[in-house]
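Asks: The listed protein sequences derive, respectively, from chains A and B.
Using the numbering used here, the first residue of the first sequence is number 28, and each one after it goes up by one.
Using the numbering used here, the first residue of the second sequence is number 3, and each one after it goes up by one.
Each residue gets a CB set at the ideal place from its N, CA and C atoms; glycine is no exception.
So that we are looking at the same thing, I have put the structure below in structure tokens.
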Amino acid sequence: MQFLHYFGAALGLGMIVIGAGLGIGKFAAAAAEGIARQPGAADRITGAVNLPLFLLEGVAILAEVFVLLIVLLK
Amino acid sequence: MLLSSILVQEFAQEPAAEAHRGFNAGETIIEHVSNSGHDHPLIHLPSAFGIDFSVTKHVFMLWLVAAIVFIIVTWYVRRYLRQDRLIPSGFMNGLEAVVEFVRDTVVQPNVGHKWVNTWAPLILTFFTFILCSNAIGLIPLFDTLALLDRFLFHTSPDSFLNRVIHGGTTATANFNVTAALATITFVSIIVAGSKAHGFVKHWKNIAPHGLNPLIYVILIPIEVIGMFVRPFALTMRLAANMTGGHIAILAILSFVFLFTEMFGRAIAGIGVGMVVSVPLAVGISALELIVVLVQAYVFTLLSAVFIGMAIHVHH
Chain A
28 MQFLHYFGAA LGLGMIVIGA GLGIGKFAAA AAEGIARQPG AADRITGAVN LPLFLLEGVA
88 ILAEVFVLLI VLLK
Chain B
3 MLLSSILVQE FAQEPAAEAH RGFNAGETII EHVSNSGHDH PLIHLPSAFG IDFSVTKHVF
63 MLWLVAAIVF IIVTWYVRRY LRQDRLIPSG FMNGLEAVVE FVRDTVVQPN VGHKWVNTWA
123 PLILTFFTFI LCSNAIGLIP LFDTLALLDR FLFHTSPDSF LNRVIHGGTT ATANFNVTAA
183 LATITFVSII VAGSKAHGFV KHWKNIAPHG LNPLIYVILI PIEVIGMFVR PFALTMRLAA
243 NMTGGHIAIL AILSFVFLFT EMFGRAIAGI GVGMVVSVPL AVGISALELI VVLVQAYVFT
303 LLSAVFIGMA IHVHH
């Protein structure tokens, strides 16, 4: 049973990827749709999307760090 | 459950098999990413106040990056100030583009007209420093030195050259470095709020006014936690991004040695290296070029946003 934490880490990594992928996909889809409807507002849309995108990425990275900690610290 | 028990048994046998194996991928990768250890730093210094002041590799890289940035930037700015025309030439154009980009698209929209000149220097310092130390991690300078040392110089393990090739090159891949940078952001958020509203008003601005007193019981702890989470997230984001790319590249490159050992002949490793490892590593390196730029941008952007949030309170 001493290697079970690897399973947890692997499952966690997979779920992080699912969550972050879904989130970033939604952002990209909404931004692309918005820019397609209003090409003039492209700059403002990109600016508005940037910040929450980075915050989302930060959450995913944090989760990955904790997964790494599970593996390293056991 | 059966499958997992089989896998657990497989795993349990692995350390015994690893003992006589020559190549341990995990250890090699961690050694290439992490700082050089306390037991063999670059320069031995005595410890004072219980803190070991020995210069490790990441400290050395911090100095190197700081020196490079300082010399390049001051050299070109001095030259620009000394020349009699206003149009910059050569590398000054690049510097001007960076300064204008950071000031006009990062600092100005977040901090506002009034405070641009107060906070643009700090944000610019963050940007140039982080960009430089991220980018220097992509140059295999010390790995080339290690190759030369292995086959040409044959220096002793105690020499400075031999110590400098152990450990990672990217100073920003160290959580301590990014924590220090995020601490500067944390302090400057408080300073920005205090300068804009006064010290007491800044702390009152943490929570909106005129709500039900019961809401404050929940709201104030949340806002205080948020105050500490922001620099923590900055720390983790930068360091983990810089470490992650390097680990990915090294893991893919270590397939070469793993396959060589698995099949017992060098041609298997070389084949895997040529077909899978090197093309993938090149792709990830190209991705890393973008990540280097984006992470420097993200750190500065978020710092500017947080400073702006302290100045323009939106409650």
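Look at the Cβ atom of Ile45(A), then the Cβ atom of Ala58(A), and state whether they are nearer than 8 Å.
Replies: No.
Asks: Could you tell me which residues DSSP puts in a beta bridge with Ser49(B)?
Replies: DSSP output for Ser49(B) lists Asp54(B) as bridge partner(s).
Asks: Using CA coordinates, which residue listed in Val315(B), Arg84(B), Phe62(B) and His46(B) is at the minimum distance from Thr208(B)?
Replies: Residue identity differs from the one stated: residue 208(B) is Ile in this sequence, not Thr. If we check each option's Cα against that of Ile208(B), Val315(B) comes out closest.
Asks: Is Lys203(B) near the ligand ATP, in the sense that its beta carbon is under 7 Å from a heavy atom of that ligand?
Replies: Summarising the ligand content, the structure contains no ligands, and the ligand ATP is consequently not present.
Asks: Is Tyr218(B) buried or exposed, if buried means 16 or more other CB atoms sit within 10 Å of its CB?
Replies: So Tyr218(B) counts as exposed.
Asks: Run through DSSP, which three-state label would Arg87(B) get?
Replies: In the structure shown, Arg87(B) sits in coil (DSSP, three-state: anything other than H, G, I, E or B).
Asks: Could you check the C-alpha separation between Thr245(B) and Leu295(B) for me, to the nearest Å?
Replies: Computed Cα separation, rounded: 15 Å.
Asks: Is the Cβ of Met238(B) closer than 8 Å to any Cβ of chain A?
Replies: With 8 Å as the cut-off, Met238(B) counts as an interface residue toward chain A.
Asks: Looking at chain A, which residues of the region 294-311 of chain B have a Cβ within less than 8 Å of any of its Cβ atoms?
Replies: If the cut-off is 8 Å between Cβ atoms, the region 294-311 of chain B has Val300, Leu303, Leu304 and Val307 near chain A.
Asks: Whole angstroms is fine: what's the gap from Asn112(B)'s alpha carbon to Val307(B)'s?
Replies: Approximately 5 Å, taken between the alpha carbons.
Asks: What does Ala242(B) reach in chain A if we use C-beta pairs closer than 7 Å?
Replies: Those are Ile88, Glu91 and Val92, listed as they occur along chain A.
Asks: Counting only Cβ pairs nearer than 9 Å, list the residues of chain A close to Ala349(B).
Replies: An answer regarding residue 349(B) cannot be provided, because it is not within the stretch 3 to 317 covered by chain B.
Asks: At a Cβ threshold of 8 Å, is Val100(A) touching chain B?
Replies: In the sequence as displayed, the identity of residue 100(A) is Leu instead of Val. Not an interface residue.
Asks: With DSSP run on the structure shown, which of helix, strand or coil describes Ile141(B)?
Replies: The answer is coil: DSSP assigns Ile141(B) none of H, G, I, E or B.
Asks: Verify the CB distance criterion: does Leu78(A) have a CB-CB separation below 8 Å to chain B?
Replies: Interface residue, yes.
Asks: Work out the CA separation of Leu304(B) and Phe230(B) for me, nearest whole Å.
Replies: The alpha-carbon atoms of Phe230(B) and Leu304(B) are separated by roughly 14 Å.
Asks: If you compare alpha carbons, which of Ala87(A), Leu100(A), Leu99(A) and Asp70(A) is closest to Ile43(A)?
Replies: The shortest Cα separation from Ile43(A) among Ala87(A), Leu100(A), Leu99(A) and Asp70(A) belongs to Ala87(A).
Asks: For the alpha helix (DSSP H) that contains Met94(B), what are its first and last residues?
Replies: First-last of the alpha helix (DSSP H) with Met94(B): Phe93 to Phe103.
Asks: What does the alpha-carbon distance come out to for the pair Glu84(A) and Phe93(A)?
Replies: Answer to the nearest angstrom: the Cα atoms are 14 Å apart.
Asks: Which whole-angstrom value is the C-beta distance of Ser38(B) and His168(B), which I expect to be below 8 Å?
Replies: Confirmed, about 5 Å.
Asks: Specify whether the region 134-153 of chain B and the region 285-301 of chain B touch according to this definition: at least 3 beta carbon pairs, one from each stretch, less than 8 Å apart.
Replies: Contact between the region 134-153 of chain B and the region 285-301 of chain B is present, because at least three Cβ pairs lie under 8 Å.
Asks: Alpha carbon to alpha carbon, what distance is there between Asp86(B) and Phe81(A)?
Replies: If you take the alpha carbons of Phe81(A) and Asp86(B), they lie about 43 Å apart.
Asks: Secondary structure at Arg267(B), three-state DSSP: helix, strand or coil?
Replies: Note: Arg267(B) maps to coil in three-state DSSP.
Asks: Measure from the alpha carbon of Gly273(B) to the alpha carbon of each residue in Phe259(B), Val284(B) and Ile286(B), then state which is nearest.
Replies: Of the candidates Phe259(B), Val284(B) and Ile286(B), the one whose C-alpha sits nearest the C-alpha of Gly273(B) is Phe259(B).
Asks: In chain order, what residues of the same chain lie with their CB nearer than 8 Å to the CB of Ala312(B), ignoring the 5 residues before and after it?
Replies: The answer, listed in chain order, is Ile191, Ile192, Ala194, Gly195, Ala198, His204 and Asn207.
Asks: Does the count of Cβ pairs from the region 118-135 of chain B and the region 97-110 of chain B closer than 8 Å reach three?
Replies: With a cut-off of 8 Å, the region 97-110 of chain B and the region 118-135 of chain B count as touching, because enough Cβ pairs lie within range.
Asks: Given a cut-off of 8 Å on the beta-carbon distance, is the pair Thr120(B) and Phe177(B) in contact?
Replies: Cβ atoms of Thr120(B) and Phe177(B): not closer than 8 Å.
Asks: How about Ser135(B) and Val67(B): are their beta carbons less than 8 Å apart?
Replies: Against a cut-off of 8 Å, the Cβ pair of Val67(B) and Ser135(B) comes out as a contact.
Asks: Restricting to Cα atoms, I'd like to know which of Pro123(B), Gly200(B) and Val61(B) is closest to Arg105(B).
Replies: The candidate whose alpha carbon is nearest that of Arg105(B) is Pro123(B).
Asks: Does the beta-carbon of Val300(B) have 16 or more other beta-carbons within 10 angstroms, so that it is buried, or is it exposed?
Replies: With 16 or more Cβ atoms within 10 Å of its Cβ, Val300(B) is classed as buried.
Asks: Where do the ends of the alpha helix (DSSP H) carrying Ser36(B) lie?
Replies: Neither: Ser36(B) is in no alpha helix (DSSP H) and is coded neither H nor E.
Asks: Nearest chain B C-beta to Gly35(A) closer than 8 Å, yes or no?
Replies: Chain B contact via Cβ: absent.
Asks: Smallest Cα separation from Val35(B): which of Ile73(B), Phe144(B) and Val108(B)?
Replies: For the residues Ile73(B), Phe144(B) and Val108(B), the minimum Cα distance to Val35(B) belongs to Phe144(B).
Asks: Cα separation between Gly228(B) and Leu149(B)?
Replies: Cα to Cα, the separation comes out at about 47 Å.
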